[in-house]
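Colleague: I have a structure here, written as structure tokens, and I will follow up with some questions on it.
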Amino acid sequence: MKTGPSLMSLRMSMIDSSAEKQEELKAQIADFQETVNELFALTRKRIEIEGSKFSVITDNGTLPVGALSSGEMQVLLILLRVFLLGKRESIVLIDEPENSLDIDWQFELINLLVRFNPNAQFFITTHSPALFGDGWGDKVWYMEQITK
């Protein structure tokens, strides 16, 4: 089973890249980190990416990424997966991403997904209208419309 790109494979591609491409990839990783940290600001946590390793920084020190709450881990993994696709045309299936997510993060999720990959098509199953509350309502298809 192919698992797709990883942060390690992105870092490895930097080794074989031109200096210009390396700087571009570093900037993309820094943008990802900054975006996640803006999202995590209310939790008083931030992530640091060093090589292919993630750390969680809190007021009490450094923690492993496994110390994140289930909602924090969920949003981090979803965003990381989409980020690692780059800007490639992709189809991304996400099943009920609102589980364990703070309501404010639900409002932000689609904007962040599209920001990290504007060329992807996202198919999201959800019971939460908050996911589409930030101007995405006209993009919603209801199952009744599809199955008729």
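Quick note on numbering: the sequence shown equals residues 1 to 148 in my numbering.
For glycine and all other residues, C-beta sits at the position ideal for the given N, C-alpha and C.
Bear in mind that the values here come from a model prediction, so they are computed numbers and not experimental data.
1. Just verifying my parser: in three-state terms, what is the DSSP assignment at Leu-113?
2. Would you say Gly-71 and Phe-107 are within 8 Å of each other, going by their C-beta atoms?
3. Can you find the residues in the same chain that come closer than 8 Å, C-beta to C-beta, to Tyr-142, ignoring five residues on each side of it along the sequence?
4. Determine the DSSP secondary structure at Lys-2, reduced to helix, strand or coil.
5. Less than 7 Å between C-beta atoms, sequence neighbours within five positions excluded: which residues of the same chain meet that for Phe-83?
6. Whose C-beta lies closer than 7 Å to the C-beta of Asp-59 among residues of the same chain, with five residues either side of it excluded?
7. Can you name, in chain order, every residue of its own chain whose Cβ lies under 6 Å from the Cβ of Trp-105, other than the five neighbours on each side?
8. The beta strand (DSSP E) that contains Leu-68, what's its start and end?
9. Measure the C-alpha to C-alpha separation of Arg-46 and Leu-77 and round it to an integer number of angstroms.
Modeller: Put simply:
1. Look at Leu-113 here: in three-state DSSP terms it is helix.
2. no
3. none
4. Any reading at Lys-2 must be qualified, since the residue scores a pLDDT of 43, below 50, and its modelled position is unreliable; the value itself is stated next. Reduced to three states, the DSSP call for Lys-2 is coil.
5. Phe-32 and Phe-116
6. Arg-44
7. Once the five neighbours on either side are set aside, the close Cβ partners of Trp-105 are Val-75.
8. First-last for Leu-68: undefined, no H or E at that position.
9. 15 Å
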